[in-house]
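Residue numbers (our numbering), protein chains in the order written: chain V, 1 to 329; chain A, 1 to 327.
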């Protein structure tokens, strides 16, 4: 299982074809299907808008992957998004100049939430599923308390800049939403830490075999807490983006934790740790969004979308398991 | 870390066994203290205690099943939507006709059995991670249900409402039913071969397989029991609400709450350790916490915040002594 964890694995000569994660083929097929359904999708406005809407989920999935690779779950990200959106609207209070310090405060909150999650899991030994579930309930309650149940006010345009603004009149691509720049930067940073640094390797080691990692001298607790912090910070970024194009309400982040986990699983990440790739998780998020878009274009009602999503989820994991079994693990 | 390989001291084992009871006593004391402290001693009667318990029958029935799923190191997130589906199925099939009570109950249990079998096969045979398999199942059930029903559908005959509102020997029938179901679960877990297989498979699936246990069958059996219990909870809710609606399961958050209750009851999420009485204690702790909030007059949102903290604190209460690494 650990063989894919190390980037510098010696190439096996008998395997001629490189192993490409199937999520990329699925994503390509879905995009072709979308284009067939709606030819306008090949226009820059079509795919840029798609990427813009997918950006929060993609960043969230890449952050969630850190916790998943370390062997845990982070269910608190959805309600953290809600808290960020509601909290920002309460704090900025329609003052455009407040944006910068409010964003700093939000990152501070994210840091705190991640630290608490990590500390509870590492030192109180509460399984991450329960620890982050408790955090999810608590943060939802906090968001409701902060806004008094009915959030008021709007986010100022300077805050909504990140999620909403498009650079226009550019050559070739014509428009470039700020959200996509954020996605590219965040995605690259998360990719770098996961696949090009020692930290990423330690993360894989802990997820694959925590006891072996500890005996080998890995500072298990520190690495694990960092993973939760990364996940929470990515949720803050996603929340800031979502605040830009979704309204202020107490259910903005609803269901995002499960969608993020689904996206990482579609990207071939192994639940309970030891294996996962940031680009594939982002591709998984795009795949999920592409599925939703396609179902929308087909005019299918919400219940059918739910059924399709459920079936796809099961099939994706079944396919991953089958592939691993055939590869002899 | 080397001492983790040594046999654990007996005191630790005893503590884990009694931790849920200890938590329950603490919750009870807190309840009494707050009731006396705020001068609301009318909440301290026997009848009131029974009604406190009566409010969490559906959660209790679901949690009994969830205990089996978690003991075999699996988990079931599909119970909430299964509860909605079975409640709607029951009230639609009965449609106010007392003669249809039996066919409706059989249909509901059959639906539960099918869902449990599919869950079990996905987890045990296709080796899909149980979280994902049952989450997908949950989406499928909820989607199918919402495609057909969007509001309260059908109605339950008065005779069937006995399940939720009837009394027997001065106790609510539903409470007696839940206790009997818990007794049956205890019997299965402690005194049958299937029960001991559940613990072996949950403790170490590979070792159980090498010891000749048909692990796949045990996992499927546990999921079958879990879904059947959720189906019974659906029947109970149909009887209590007099009709079924496609959101009652999701509204009660029975999936996550039942897992929280089982874990607070001392059953280890990794499987193989725990039991049914811990779960029952967990259910009582949950309903006591709710009642404490009610008499103390805690604001609804603050209630939610405290609830999240309490879940984590309760699990930390005994997990903190564990020397194992947790995921």
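Every residue, glycine too, gets a C-beta built ideally from N, C-alpha and C.
For clarity, every value in this text was computed on a predicted model and none was experimentally measured.
Residue 156 (chain V): first and last residue of the uninterrupted beta strand (DSSP E) it sits in: Counting along the chain, residue 156 (chain V) falls outside any beta strand (DSSP E), and DSSP gives it neither H nor E.
C-alpha distance - residue 316 (chain A) paired with residue 306 (chain A), whole-angstrom precision: Roughly 15 angstroms between the two C-alpha positions.
Any C-beta of chain A under 7 angstroms from that of residue 287 (chain V): Not closer than 7 angstroms to any Cβ of chain A, the Cβ of residue 287 (chain V) fails to qualify, so no.
Whether residue 213 (chain V) touches residue 206 (chain V) by CB criterion (7 angstroms): Contact annotation: residue 213 (chain V) and residue 206 (chain V) have beta-carbon atoms nearer than 7 angstroms.
One or two residues paired with residue 167 (chain V) in a DSSP bridge: In DSSP, residue 167 (chain V) forms a bridge with V:176.
Cutoff 7 angstroms: residue 69 (chain A) Cβ touching any chain V Cβ: Residue-level contact by beta carbon fails for residue 69 (chain A) and chain V, as no gap is shorter than 7 angstroms.
Min CB distance residue 308 (chain A) to chain V below 7 angstroms: In terms of beta-carbon proximity, residue 308 (chain A) lines the interface with chain V, with at least one pair separated by less than 7 angstroms.
CB contact flag (residue 84 (chain A), residue 249 (chain A), <7 angstroms): In this structure, residue 249 (chain A) lies closer than 7 angstroms to residue 84 (chain A) by Cβ.
Given residue 276 (chain A) as reference, the closest of A:220, A:99, A:209, A:186 once Cα atoms are compared: Considering only alpha carbons, the answer is A:186.
Contact under 7 angstroms by Cβ, residue 215 (chain A) with residue 222 (chain A): Taking 7 angstroms as the cut-off, the Cβ atoms of residue 215 (chain A) and residue 222 (chain A) do not count as close.
Distance between residue 138 (chain V) and residue 250 (chain V) (C-alpha atoms, nearest Å): Near 13 angstroms, if we compare the C-alpha coordinates of residue 138 (chain V) and residue 250 (chain V).
Neighbourhood of residue 46 (chain V) by C-beta, 6 angstroms cutoff - its chain only, sequence neighbours within 5 removed: Closer than 6 angstroms at the Cβ level, and outside the excluded window around residue 46 (chain V), lie 40.
Entirely enclosed alpha helix (DSSP H) segments - the region 234-274 of chain A, minimum 4 residues: The region 234-274 of chain A contains these whole alpha helix (DSSP H) runs: 248-251, 254-264.
Contact list for residue 85 (chain A) against chain V, beta-carbon separation under 7 angstroms: Correct list: empty, because the minimum Cβ distance to chain V is about 12 angstroms.
Residue 274 (chain A) versus residue 299 (chain A) - alpha carbon distance: C-alpha separation (whole angstroms): 34 angstroms.
Proximity test, Cβ basis, 7 angstroms: residue 312 (chain A) and chain V: It does; some Cβ of chain V falls within 7 angstroms.
Minimum C-alpha distance to residue 218 (chain V) - residue among V:198, V:237, V:71: Nearest C-alpha to residue 218 (chain V): V:198.
Other residues of its chain near residue 70 (chain A): CB distance less than 6 angstroms, five sequence neighbours each side excluded: Within its own chain, the residues whose Cβ lies closer than 6 angstroms to the Cβ of residue 70 (chain A), once the five positions on either side in sequence are excluded, are 262, 267, listed in chain order.
Assumed close pair residue 281 (chain V), residue 61 (chain V) - CB separation to whole angstroms, cut-off 8 angstroms: Contact between residue 281 (chain V) and residue 61 (chain V) holds, with the beta-carbon distance rounding to 5 angstroms and staying under 8 angstroms.
Option nearest residue 34 (chain A) by Cα separation, candidates A:42, A:116, A:296, A:246: Of the candidates A:42, A:116, A:296, A:246, the residue whose Cα lies closest to the Cα of residue 34 (chain A) is A:296.
Separation of residue 84 (chain V) from residue 220 (chain A), as counted between CA atoms: A direct Cα-Cα distance of roughly 42 angstroms separates residue 220 (chain A) from residue 84 (chain V).
Rounded C-alpha distance that separates residue 128 (chain V) from residue 198 (chain A): If I take the Cα positions, the gap works out to 24 angstroms.
Cβ distance (whole Å) where residue 145 (chain V) is taken to contact residue 308 (chain A) below 8 angstroms: About 12 angstroms separates the two Cβ atoms, so there is no contact after all.
Contact set for residue 72 (chain V): own chain, Cβ-Cβ below 7 angstroms, skip 5 residues either direction: Residues of the same chain with a CB within less than 7 angstroms of the CB of residue 72 (chain V), apart from the 5 flanking positions on each side, are 121, 128 in chain order.
Cα-Cα separation between residue 200 (chain V) and residue 64 (chain V), rounded to whole angstroms: Just so you know, the alpha carbons of residue 200 (chain V) and residue 64 (chain V) end up roughly 14 angstroms apart.
Within-7 angstroms CB hit, residue 307 (chain V) to chain A: Yes, contact with chain A.
Contact check, residue 160 (chain A) vs residue 239 (chain A), beta carbons under 7 angstroms: With contacts defined by Cβ atoms closer than 7 angstroms, residue 160 (chain A) and residue 239 (chain A) form a contacting pair.
Under the three-state DSSP convention, the category residue 323 (chain V) falls into: In this structure, residue 323 (chain V) counts as helix in the three-state DSSP scheme.
Limits of the unbroken alpha helix (DSSP H) element including residue 289 (chain V): First-last of the alpha helix (DSSP H) with residue 289 (chain V): 278-297.
Any non-hydrogen atom of the ligand COA within 6 angstroms of residue 313 (chain A) CB: As far as ligands go, the structure on display features none, and thus does not contain the ligand COA.
Beta carbon of residue 153 (chain A) nearer than 7 angstroms to that of residue 108 (chain A): Contact flag unset, no.
One or two residues paired with residue 340 (chain A) in a DSSP bridge: Beyond the ends of chain A as shown, which are 1 and 327, falls residue 340 (chain A); an answer cannot be given.
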